[in-house]
Amino acid sequence: MMKPLLILTTIFLAGLIILLLPDNNDQMIRLNKIHGPSLQDLAGLVLMISVWFASCIFVIKKWQRVIKSIGRNTTYFLVLFYLFSLSGVVLALILSLDLLLWISITLAVITNVSVIITAIRAKE
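Everything in the sequence shown is counted per the working numbering, starting at 689 for the first residue and increasing by one.
See below:
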């Protein structure tokens, strides 16, 4: 279990580093007036999203253990809170609200990581 987790973490961190590196700001996709990923950003995002997708599959496979570990109400609250945070990201991109964007991203990441850690730690 630890080796795949280490590999996924390494891929995610590589994507994050690529995303954080300075680029020439040539937007490949325009999200709003001030936001849009460049080709370099898209490469980092693809790595990060692929790890996110793999972690979603992992959590779904361990779903019953997650519910047993932290309770049904808490689990579904975290899922709804995560979806609410993601909708905040979308709204912030549509309305060009940087503060809402960073708050929503932070809440979504914290929620996502807590569910993934719960799935990793969940006992049979």
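Ideal placement from N, C-alpha and C gives every residue a C-beta, glycine not left out.
Secondary structure at Ser802: helix, using DSSP grouped into helix, strand and coil.
Distance from the CA atom of Leu694 to the CA atom of Val739, rounded to whole angstroms, is 11 angstroms. For Ile722, the closest alpha carbon among the candidates Gly703, Val747 and Leu781 is that of Leu781. In chain order, Gly732 place their CB closer than 8 angstroms to the CB of Ile705, counting only its own chain and leaving out the 5 sequence neighbours on each side. Here the alpha carbons of Ile791 and Ile737 stand approximately 19 angstroms from one another. Using a Cβ distance threshold of 8 angstroms, Val777 and Ala796 count as a contacting pair. In this structure, the beta-carbon distance from Ala810 to Arg753 falls below 8 angstroms. In the structure shown, Ser784 adopts coil according to DSSP, grouped into three states.
Residue Leu789 holds the alpha-carbon nearest to the alpha-carbon of Ser773 among Leu789, Gly724, Lys691 and Gly703. The Cβ-Cβ distance between Ser743 and Thr806 does not fall below 8 angstroms.
Spatial neighbours of Ile793 in its own chain (CB-CB distance under 7 angstroms, excluding positions within 5 residues in sequence) are listed in chain order as Val777. Counting along the chain, Asp711 sits inside no alpha helix (DSSP H), nor does DSSP assign it H or E at all.
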